[in-house]
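Heads up: the structure comes next, in structure tokens.
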Amino acid sequence: AKWARPGMNNPADPSSPTGDAEHPTVDSDVLAAAAARDTRTTAQRNHDAFSAMFRAVLESGILGRHRGLPATTIITMTLEQLEGAIGGVATTASGGLLPIGDALALAEQAHPVLVLFDHDGRPLHLGRRRRLASADQRLALIAADGGCTRPGCAVPASMCAVHHVTDWQKGGTTDIDGLTLACDACHARVDDSAAGWATRTAEGRYPGRTEWIPPPHVDPDRRPRINHRHHPGELIDHARRGMRAPREGGDAVP
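With full-length UniProt numbering, letter number 159 in the sequence shown gets 159, and the count goes up by one each step, no holes.
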């Protein structure tokens, strides 16, 4: 009732007071003037009130931190999408999809972070001397990997730990080109036992990506694998090449 009061938290009115209508900082004359201009229905005012309350909670910091980052909404989009407002979808760290228009609307009050990638889609160097990855490194990995990098795993970035491709105890560095995302279950599978998986940085077709090498009981030849689940463009490319290959006399892409 307080946040949805006529004149309060109206996104269409730049002069509309925000927050709690009964807060001492709210000018009653300003609120009365805003209420006179307010043409929203009750349902619209309730919607805007909920939106304002959610934003206040996110900005307050009371939700704490999750895996080194503030508990908030993290949206990834390209510079072309940001500048041109082109169609398509942006992605969230929890695996959600947002129309570009909605993502840009949220970005109006967001904290922008620019991540630069090389021609292979990998983040440019961002390193540190400590074992734990920094918040900036995690943001870069969210943008680059999208989620767990073990082949076939669909766990989103918000549920992943930062994994050293070369183990820290074996000389691995906490540099962006030596880090990747792995969910807790997949992270636990990396070890030196006969049943353990290994990771390494890929070369060739997907340079800079993380290759997972399965144990012998999964693949006797231990052929390295890359996860394409968080890169839909690659899956579409595989499907197109698989459809063309039989017509061109080649083998379909698995």
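Backbone N, C-alpha and C fix where the C-beta goes; we use that ideal spot for every residue, glycine too.
- A straight line joining the alpha-carbon of P99 with that of S15 spans about 28 Å.
- A161 is bridged by DSSP to A182.
- Annotation for H230: G146, G147 place their beta carbon closer than 6 Å to its own, counting only its chain and skipping 5 residues before and after.
- Within the same chain, and ignoring the five residues on either side of G68 in sequence, the residues whose Cβ sits closer than 6 Å to its Cβ are A135, R138.
- Per DSSP, reduced to three states, the secondary structure at V155 is coil, with no helix or strand assignment.
- Each residue's CA atom was taken as its position, placing G152 and A34 some 53 Å apart.
- Rounded to the nearest angstrom, the Cβ distance from A52 to T73 is 15 Å, too far for a contact under 8 Å.
- By the Cβ neighbour-count rule, P216 is exposed, with fewer than 16 other Cβ atoms within 10 Å of its own.
- In this structure the segment 163-181 does not touch the segment 219-229; the number of beta carbon pairs closer than 8 Å is below three.
- For R67, DSSP assigns no beta-bridge partner whatsoever.
- Of the residues R5, S60, A103, E22, the one whose Cα lies closest to the Cα of A43 is R5.
- The shortest CA-to-CA distance from T92 to any of D184, D20, A143 is the one to A143.
- Check the Cα spacing between D38 and each of G178, M8, A133, A157: the tightest is with M8.
- Residue burial annotation: D48 is buried, with at least 16 other C-beta atoms found within 10 angstroms of its C-beta.
- E211 sits buried, since 16 or more C-beta atoms from the chains shown fall within 10 Å of its C-beta.
- Only residues of its own chain outside the window of five on either side were considered, and among them T72 have a CB closer than 6 Å to the CB of L58, listed in chain order.
- In the structure shown, the three-state DSSP call for A1 is coil.
- The Cβ atoms of R222 and P214 sit closer than 9 Å to each other.
- For L179, the number of other beta carbons within 10 angstroms of its own is at least 16, and it is reported as buried.
- Secondary structure note for R200: its beta strand (DSSP E) is the uninterrupted segment 198-201.
- With a 10 Å radius around the Cβ and a threshold of 16 neighbouring Cβ atoms, V218 comes out exposed.
- Under the criterion of beta carbons closer than 8 Å, G84 and P70 do not qualify as touching, at roughly 29 Å.
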